[in-house]
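Trainee:
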Amino acid sequence: MLLAQLKNTHANQEWFVPTNTGLKGLSVGQSNWRDSTNNHSIAKLTSHLTFWNEMNLKSFKGENMADFGVDNELTFNINNEKDWKRAVIRLNSIQTEWENAIEEAPLKKIE
Numbered sequence: 688m689l690l691a692q693l694k695n696t697h698a699n700q701e702w703f704v705p706t707n708t709g710l711k712g713l714s715v716g717q718s719n720w721r722d723s724t725n726n727h728s729i730a731k732l733t734s735h736l737t738f739w740n741e742m743n744l745k746s747f748k749g750e751n752m753a754d755f756g757v758d759n760e761l762t763f764n765i766n767n768e769k770d771w772k773r774a775v776i777r778l779n780s781i782q783t784e785w786e787n788a789i790e791e792a793p794l795k796k797i798e
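The numbering of the sequence shown is the working numbering, which starts it at 688 and goes up by one.
#1: In three-state terms, what does DSSP make of V704?
#2: Would you mind giving the Cβ-Cβ distance between N779 and N707, rounded to the nearest angstrom? I have them listed as a contact below 8 Å.
#3: In three-state DSSP terms, what is D770?
#4: L713 and E786 look like a contact to me (Cβ under 8 Å); what is the Cβ gap, rounded to whole Å?
#5: Secondary structure at E741, three-state DSSP: helix, strand or coil?
#6: If you reduce the DSSP assignment to three classes, tell me which class L732 lands in.
#7: Using 10 angstroms around the beta-carbon of F703, count the other beta-carbons present and answer buried if the total reaches 16, otherwise exposed.
#8: Taking the continuous alpha helix (DSSP H) assigned at L713, which residues delimit it?
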């Protein structure tokens, strides 16, 4: 069930649009668009999700997080086309790593 949900948020179209579909073909300009409120842009949310998914994956894998310290606001930065493309590729990679980690994890670890 957990693995199915991870795949649905990543690449499988079920009852909402997965990240791969939602981000496909967006330019940096489109990804940085914001309405007139304080809402974050797609680019900022993508960067933020990538960062925290990677940190949580490292923790799940038992990697040392003792020296971890970050300003949450710094996790939202996408400044140009190169950063945007890198963030989309990285998020895809992290989501795939999560799926693999859950598939390979002993049941006791994911209960």
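Glycine residues also receive a C-beta, built at the ideal position from the N, C-alpha and C atoms. Predicted, not measured: the structure shown is a model, and the values here were computed from it.
Mentor: With the structure as the only source:
#1: coil
#2: 6 Å
#3: helix
#4: Rounded, the Cβ-Cβ distance is 23 Å, inconsistent with contact.
#5: helix
#6: helix
#7: Around the beta carbon of F703, fewer than 16 other beta carbons sit within 10 angstroms, so the residue counts as exposed.
#8: No alpha helix (DSSP H) holds L713; DSSP gives it neither H nor E.
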